[in-house]
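Here's the structure we're looking at; comments come further down.
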Amino acid sequence: MTTAAAGVLDRLSSLADETRTRILLLLEGSELTVSELCRVIQLPQSTVSRHLRILFQDGWLSVRSEGTSRHYRLSRRLDPGARRIWGVVREELSATSAARTDRIRAGSVLEARAERSKAFFSSEAGRWDLLREELFGRRADLQLLAGFVNETEVVGDLGCGTGHLARLLAPFAKRVVALDRSDEMLEIARVRLSECPNVDLRRGELESLPVADGSLDVAILSLVLHYVLEPVQALKEVHRTLRPRGRILILDMQRHDRAEFREEMGHVWLGFSPEELEDWLDKAGFASQRRLDLPPDSDADGPLLFSLRADRAGDEPDALTSTHEPQYSGNQS
Ligand SMILES: C[S@@+](CC[C@H](N)C(=O)[O-])C[C@H]1O[C@@H](n2cnc3c(N)ncnc32)[C@H](O)[C@@H]1O
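Be aware that the sequence shown starts at 1335, since it is given in our numbering, and climbs by one per residue.
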């Protein structure tokens, strides 16, 4: 007998059993565990497991392990011959009363599964934020949102400090230019970013950025503007480095009166009012500003923050978009 003929006969023999065809009908529609199948077809576990083993050996099933459970479903990789055979068998058997009863029981098994997760959330709703943090940490949201950066985009993390934002964004962006004026901060950033080949770490000042004209799609100033002596000059520099319609994202403090921050941390500005920042961004050539004063974080004791997004305005769209290659070759560390 040829191998192909043996294959067809094996297929036919594994289908020549009512329980096995009932199992296949069920597993064509849903992925089920052994115990769920037992509840649906109301046979002991040893019997169901035996049939599953035969179906699996003959290539009808795929199986996925999750913890201690094994989830079965009709294989998506059936060869054309098996598909044809199964098509005929299914047509003949799916209208039988056993198959109809199985479908109804499977529906309630799946509903019970959904109920378990609903029940979990209705009892855990009040604890979910804490549990989420315990299970997945505080930065899971950020990791999700980093996906808003397009893989064709070049991001400038200007005043990058120890590089945690650059680290977060690098896997999503085409390239990240991470820049800071402090050698000590850059040293820590260098270690953190050692496995991010698309991060370009540079030493430089915001007021005279070592970054080519129109080379950034996004410029991020996270908690840095309050250190800058000449914000308008720095914002003009950022404007220069952005491509037309590129955007600037600023995270900084709302106006506050914690004057000790000047001494303790060298802050130049005690936060920013919406009006002054709007005026400076305007002068630097940015449009479409959107500032959002952020709600207090109960774990934080610093001043309240705002986030702001503005777009580079007033450019011919095509003048600078064609290249992202930096033309600057100066002070890179
Ligand atoms: C408070 S840290 C914020 C670091 C990081 N962006 C973050 O969100 O954690 C401010 C950083 O800005 C840098 N910095 C301050 N003024 C700067 C300037 N004029 N040019 C470049 N970097 C500057 C400091 O060296 C420091 O690393």
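No residue lacks a Cβ here, since even glycine has one placed at the ideal position from N, Cα and C.
If you draw a straight line from the Cα of residue 1585 to the Cα of residue 1643, it comes to about 9 Å.
The C-beta separation of residue 1587 from residue 1638 comes to about 7 Å, placing the pair in contact by the 8 Å criterion.
In the DSSP assignment, the residues bridged to residue 1553 are 1490, 1582. In the three-state reduction of the DSSP assignment, residue 1464 falls in the helix class. Judged by their CB atoms, residue 1374 and residue 1473 are not nearer to each other than the 7 Å cut-off. Secondary structure of residue 1645 (DSSP, three-state): strand. Here DSSP, grouped into helix, strand and coil, assigns residue 1558 to coil. Annotated as proximal: residue 1503 and residue 1510, with beta-carbon spacing under 7 Å.
In this structure, the CA atom of residue 1344 is about 15 Å from the CA atom of residue 1423. The beta carbon of residue 1519 sits closer than 6 Å to at least one heavy atom of ligand 1. By the C-beta criterion, the region 1351-1369 is judged to be in contact with the region 1397-1409, since at least 3 inter-stretch pairs fall below 8 Å. Under the three-state reduction of DSSP output, residue 1399 falls in the strand class.
Excluding five sequence positions before and after residue 1538, the CB atoms of its chain that fall closer than 7 Å to its own CB belong to 1513, 1515, 1544, 1665, given in chain order. Here residue 1593 carries a coil assignment [DSSP, helix/strand/coil]. Taking 7 Å as the cut-off, the beta carbon of residue 1527 is found closer than this to the beta carbon of residue 1501.
Partner residues in the beta bridge of residue 1534, as assigned by DSSP, are 1511. Set against 6 Å, the gap from the CB of residue 1542 to the closest heavy atom of ligand 1 is not smaller.
Sequence-distant Cβ neighbours of residue 1569 in its own chain, meaning closer than 8 Å and more than five residues away, are 1582, 1614, 1615, 1617, 1618, 1620.
By the neighbour-count definition (other C-beta atoms within 10 Å, threshold 16), residue 1455 is an exposed residue.
The three-state reading of DSSP puts residue 1405 in strand, counting E and B together.
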